[in-house]
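Asks: First the structure, then my questions, so here it is.
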Amino acid sequence: MNNDIGGARRLPARRIWYAAVLTTTLAVGTYAQDTWVTNGTEMPILSFINQVAEMTGKTIVVDPRLRTNTVTVFSTTELDADGVYALFLTVLKVHSMGAVENNGVIQVIQQPVVKQSGGNVAEEDAPPDLMITRVMPLDHVPATEVVKTLRPLIPQTGHIAAIDEPNVLLLADYASNLARLSTLVEQMDVVDQDTIIHRPLEHAWVGNVAVLLQEIAPEQFGPGAKGPQGVQLVANESNNSLVLKGKADSIANLLQLIDKLDVPVTAAGAAQVIPLSHAEAEPTAAILDKLVNATVGESQGAVANIQADLSLNALVVRADPATMKDLLTIVAQLDVRRSQVLIEAAIVEFSVDALASAGVELGGVDARGKSIPMVSTTLNGIVGALLSQLGSDGDDIDPVAAVAAASSPTLAVAKLDRDGISFGAIVNALQTDSRANLLSTPSVLTLDNQEAKNFSGQKIPFRSGSFTTPTDGSVRPFTTVQREQVGTELKVTPHIYDEASIRMAIFLKVGNVVDTSLGGFADVVTNERELETTVLAEDRQIILLGGLITDDRRKSTRKVPLLGDVPLLGRAFRSNTDTQIKRYLLMFLRPTVLDSGEAAEQAARDRYEGIYTIQDPTAPSGELEEVFEVQSPE
């Protein structure tokens, strides 16, 4: 079927038949499509739109402000429904109108508001004169730079915008123009062939140069540089150099500027804060100050000004670039992680006691079995024990069995019964030997070259003086007291070298309070033994430090007043004790290097499990985490 639009003529039958055959040939298995030839002059816009709606089968709504327009079309080409619709869009574009399709309804509105009306999003096969909106992602170039380039190519009826996150373009224009713009965007969105240059600085400080360049042109220099002329700039403070990335010509221009900045300076330079991770700020500042300013005379002034900030554990340095570079190198070597040393010690006292005790003990008991000691000259009290065994049933006592149960060698002679008064006499002699006494097992964890101290003992009051103060004619005496530590004190400073050898400066002090009742002292008396030395040991090697020997001899006599002083016969009424004690103080020590957090944790776990086993040998080993576990209230 063939028709004319707006009074246009029909084609000859042969021509219509040829078009129908051609359409059928191209669309095998389908019905022949109708074609039209549009040809008309000064046609009312509404009539034209009405015929297009009939030919294409579309629903079209027209803006009332556009109903007075007229349309003129000259054509000799046969058009199918899609061709008629494309012609319809072209006519609208020529007359500053546009079409927007939403939900199958086509709106004919004024051209300036077409881009704001929505619809027609990213249609690949859209007619050339259809206003559409498309989102184009970019992979390599910033969207803002592309917008600057394409904006002059967008008509007033179109729209272009950049979205930074994600890096995309938003375009609204006729499909024909969008196709051209898409080709341009694809040609622009390619990988840049950048050049990387390493530029060391000889005089200027890299931090100052980098800041200066970024302040001059922040969009052209620095980490946020954009555009084809942008150069990414990174300052490497460790070796005072710059790393540049960008186009070769842009870098060449930048290097010329850097050469002008990298010149010798006479000023003191800028200040810089150097944070420390492991070293302490105050001693490090003292070392650097002596190192840098030691050879400079007072008239010349200091080469560098170095201050320590204890709150931040940092150094504040002001120096010229050359000195600053040297200082940074030294600080990097000083500010390193130090290994830790676990020092375990065992303080053992070996003693040999020789005790000689001799004496006579006499006692009596009445017929009722009540023990009445008459004379007691020894310390054992054996007679009292024998006499107390006299039973009420009148049986004789076996004194040999009772004496055999005594804790020391004893010579006893006795006749014990219930008839009258019985006597018992015991002569005893005692000698004992003791071997070892573990005084303390201190352990301490400290840093390399750091002194550690461990003390276990008491603070004992010592009388330091006495005074009398007259007040209102009266005398009020008072005594001053000073408290001092008495116990076991261990100080050690380890020094690690050769990765496995440890040199240790050791100070050991062992003190104890003497029993004042034995010597009749009126004040507190202490025994003190000290050991101070420097030794060398390998990692986890057990070493023995030198021993200290003390010889303590005591004699005591216990007697019955008057009777004990009688010559010859008085020996039966007194007891003599002679005690000699020799003590050997030895110290065993084992250092362990802990060069990581895992090693320190394992050492703590081993120590805890050892204590757990000592507390309850039959129980399984406890877990260290249980010590730090917070129990929730029930």
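Quick note: to get this note's numbering, add 999 to the position in the sequence shown (first position is 1). Using N, Cα and C, we set each Cβ at its ideal position, and we do this for glycine too. Predicted model only: the values in this text are computed from it and were never measured.
DSSP beta-bridge partners for Val-1272?
Replies: Translated into the one-based positions of the sequence shown, residue 1272 becomes position 273. Paired residues: Val-1315.
Asks: What would DSSP say about Pro-1136, mapped onto helix, strand or coil?
Replies: Your numbering for residue 1136 matches position 137 in the sequence shown. DSSP places Pro-1136 in strand when its eight states are reduced to three.
Asks: Given this structure, state the Cα-to-Cα distance separating Leu-1309 from Ala-1278, to the nearest angstrom.
Replies: Reading the sequence shown from its first residue, position 310 is the one you call residue 1309. Reading the sequence shown from its first residue, position 279 is the one you call residue 1278. When rounded, the distance between both Cα atoms is 11 Å.
Asks: Using alpha carbons as the reference points, say which of Tyr-1583, Ile-1548, Thr-1040, Asp-1062 lies closest to Glu-1348.
Replies: On the sequence shown, position 349 is the one that residue 1348 refers to. If we check each option's Cα against that of Glu-1348, Tyr-1583 comes out closest.
Asks: Do Val-1291 and Thr-1322 have their CB atoms nearer than 8 Å?
Replies: Here residue 1291 is taken as the residue at index 292 of the sequence shown, counted from 1. Here residue 1322 is taken as the residue at index 323 of the sequence shown, counted from 1. In this structure, Thr-1322 lies closer than 8 Å to Val-1291 by Cβ.
Asks: Would you call Thr-1532 buried or exposed, if buried means 16 or more other Cβ atoms sit within 10 Å of its Cβ?
Replies: Numbered from 1 along the sequence shown, position 533 holds the residue referred to as residue 1532. Under this definition Thr-1532 is an exposed residue.
Asks: Indicate whether Tyr-1173 and Met-1130 have their beta-carbon atoms separated by less than 8 Å.
Replies: Translated into the one-based positions of the sequence shown, residue 1173 becomes position 174. Translated into the one-based positions of the sequence shown, residue 1130 becomes position 131. Yes. Within cutoff.
Asks: DSSP three-state label for Leu-1535, please.
Replies: Position 536 of the sequence shown, counted from the first residue, corresponds to residue 1535. Leu-1535 falls in the strand class under three-state DSSP.
Asks: Which of helix, strand or coil does DSSP assign to Asp-1577?
Replies: Locating residue 1577 in the sequence shown gives position 578, counting from the first residue. DSSP places Asp-1577 in strand when its eight states are reduced to three.
Asks: Does DSSP classify Glu-1053 as helix, strand or coil?
Replies: Taking the sequence shown and counting its residues from 1, one reaches residue 1053 at position 54. If DSSP states are grouped into helix, strand and coil, Glu-1053 belongs with the helices.
Asks: For Leu-1200, which of Ala-1171, Val-1233, Asp-1248 has the nearest alpha-carbon?
Replies: Numbered from its first residue, the sequence shown carries residue 1200 at position 201. Nearest option by C-alpha distance: Val-1233.
Asks: Let me check one thing: in DSSP terms, what residues is Leu-1091 bridge-paired to?
Replies: The sequence position of residue 1091 within the sequence shown is 92, counting from 1. Per DSSP, none; premise fails for Leu-1091.
Asks: Can you tell me the Cα-Cα spacing of Ser-1276 and Val-1443, whole angstroms?
Replies: Counting from one through the sequence shown, the residue named residue 1276 turns up at place 277. Counting from one through the sequence shown, the residue named residue 1443 turns up at place 444. Distance between the alpha carbons of Ser-1276 and Val-1443: 23 Å.
Asks: Looking at the unbroken alpha helix (DSSP H) that takes in Gln-1332, where does it start and where does it end?
Replies: Along the sequence shown, one-based indexing puts residue 1332 at 333. Its alpha helix (DSSP H) spans residues 1320-1333.
Asks: Just curious, the beta strand (DSSP E) that Asn-1511 is in, first and last residue?
Replies: Along the sequence shown, one-based indexing puts residue 1511 at 512. From DSSP, the beta strand (DSSP E) with Asn-1511 extends over 1500-1512.
Asks: With a Cβ-Cβ cutoff of 8 Å, do Leu-1180 and Leu-1212 count as a contact?
Replies: Within the sequence shown, residue 1180 is the residue found at index 181, counting from 1. Within the sequence shown, residue 1212 is the residue found at index 213, counting from 1. No, they are not a contact pair.
Asks: Looking only at its chain, what residues have a beta carbon closer than 8 Å to the beta carbon of Val-1146, apart from the 5 residues adjacent to it on each side?
Replies: Translated into positions along the sequence shown, residue 1146 becomes position 147. Cβ within range, chain order: Ile-1159, Ala-1160, Ala-1161, Leu-1168.
Asks: If you follow the beta strand (DSSP E) that Asp-1594 is part of, which residue opens it and which one closes it?
Replies: As a working mapping, residue 1594 is identified with position 595 in the sequence shown. From DSSP, Asp-1594 is part of no beta strand (DSSP E); its letter is neither H nor E.
Asks: Tell me whether the region 1523-1532 and the region 1553-1566 touch, counting them as touching only if at least three CB pairs, one residue from each stretch, are closer than 8 Å.
Replies: In short, these stretches do not touch, since the Cβ pair count stays below three.
Asks: Does the beta carbon of Asn-1166 fall short of 7 Å from some heavy atom of the ligand NAP?
Replies: Inclusion of the ligand NAP in the displayed structure is not the case, the ligand content being empty and no account of it being possible.
Asks: Would you mind working out which of Ile-1153, Leu-1507, Ile-1195 sits nearest Leu-1177, comparing C-alpha positions?
Replies: Sequence index remark: in the sequence shown, residue 1177 carries index 178 (1-based). When each option's Cα is compared against that of Leu-1177, the closest is Ile-1153.
Asks: Since Asn-1235 is in the beta strand (DSSP E), which residue starts that stretch and which ends it?
Replies: Within the sequence shown, the letter at position 236 stands for residue 1235. Note, Asn-1235: beta strand (DSSP E), 1230-1235.
Asks: Distance, Cα to Cα, Val-1491 vs Ala-1451?
Replies: Here residue 1491 corresponds to residue number 492 of the sequence shown, with the count starting at 1. Here residue 1451 corresponds to residue number 452 of the sequence shown, with the count starting at 1. If I take the Cα positions, the gap works out to 5 Å.
Asks: Please report the distance separating the alpha-carbon of Pro-1111 from that of Thr-1071.
Replies: As a position in the sequence shown, residue 1111 is number 112, starting the count at 1. As a position in the sequence shown, residue 1071 is number 72, starting the count at 1. So the two alpha carbons sit approximately 22 Å from each other.
Asks: What is the C-beta distance between Asn-1239 and Val-1205, in whole angstroms, given that I count them as a contact (C-beta under 8 Å)?
Replies: Within the sequence shown, the letter at position 240 stands for residue 1239. Within the sequence shown, the letter at position 206 stands for residue 1205. The Cβ separation is near 5 Å, so the contact holds.
Asks: I need the straight-line Cα distance from Asp-1594 to Gln-1339, nearest angstrom please.
Replies: Counted from its first residue, the sequence shown places residue 1594 at position 595. Counted from its first residue, the sequence shown places residue 1339 at position 340. Straight-line Cα distance between these residues: approximately 6 Å.
Asks: Reducing DSSP to helix, strand and coil, say where Ser-1338 ends up.
Replies: Within the sequence shown, the letter at position 339 stands for residue 1338. Three-state result, Ser-1338: coil.
Asks: Hey, quick one: how far does the alpha helix (DSSP H) through Glu-1185 stretch, first residue to last?
Replies: Position 186 of the sequence shown holds residue 1185. Glu-1185 -> alpha helix (DSSP H) spans 1174-1187.
Asks: Going along the chain, which residues of its own chain have a beta-carbon closer than 6 Å to the beta-carbon of Tyr-1084, five neighbours each way excluded?
Replies: Locating residue 1084 in the sequence shown gives position 85, counting from the first residue. Closer than 6 Å at Cβ, skipping near neighbours: Thr-1055.
Asks: Have a look at the DSSP bridge pairing and note the partners of Pro-1493.
Replies: In the sequence shown, residue 1493 corresponds to position 494, counting from 1. Its beta-bridge partners are Met-1503.
Asks: Pick out the complete alpha helix (DSSP H) segments inside the region 1236-1263, 4 residues or longer, and give them in chain order.
Replies: The region 1236-1263 contains these whole alpha helix (DSSP H) runs: 1247-1260.
Asks: May I have the straight-line CA-CA distance separating Pro-1460 from Ala-1603, to the nearest angstrom?
Replies: If you number the sequence shown from 1, residue 1460 lands on position 461. If you number the sequence shown from 1, residue 1603 lands on position 604. Distance between the alpha carbons of Pro-1460 and Ala-1603 is about 36 Å.
Asks: Cutting at 7 Å between CB atoms, please list the residues of its own chain near His-1197, excluding the five before and the five after it.
Replies: As a working note, residue 1197 is residue 198 in the sequence shown. So the qualifying residues of the chain are Ser-1240, Val-1242.
Asks: Just list the residues that DSSP pairs Ala-1098 with in beta bridges.
Replies: Position 99 of the sequence shown, counted from the first residue, corresponds to residue 1098. For Ala-1098, which the question treats as bridged, DSSP gives the partners Val-1107.
Asks: Taking buried to mean at least 16 other C-beta atoms within 10 Å of its own C-beta, is Arg-1539 buried or exposed?
Replies: Counting from 1 along the sequence shown, the entry for residue 1539 is found at position 540. By the neighbour-count rule (16 or more Cβ atoms within 10 Å), Arg-1539 is not buried but exposed.
Asks: Indicate whether Gln-1231 and Lys-1244 have their beta-carbon atoms separated by less than 8 Å.
Replies: The sequence position of residue 1231 within the sequence shown is 232, counting from 1. The sequence position of residue 1244 within the sequence shown is 245, counting from 1. Yes.
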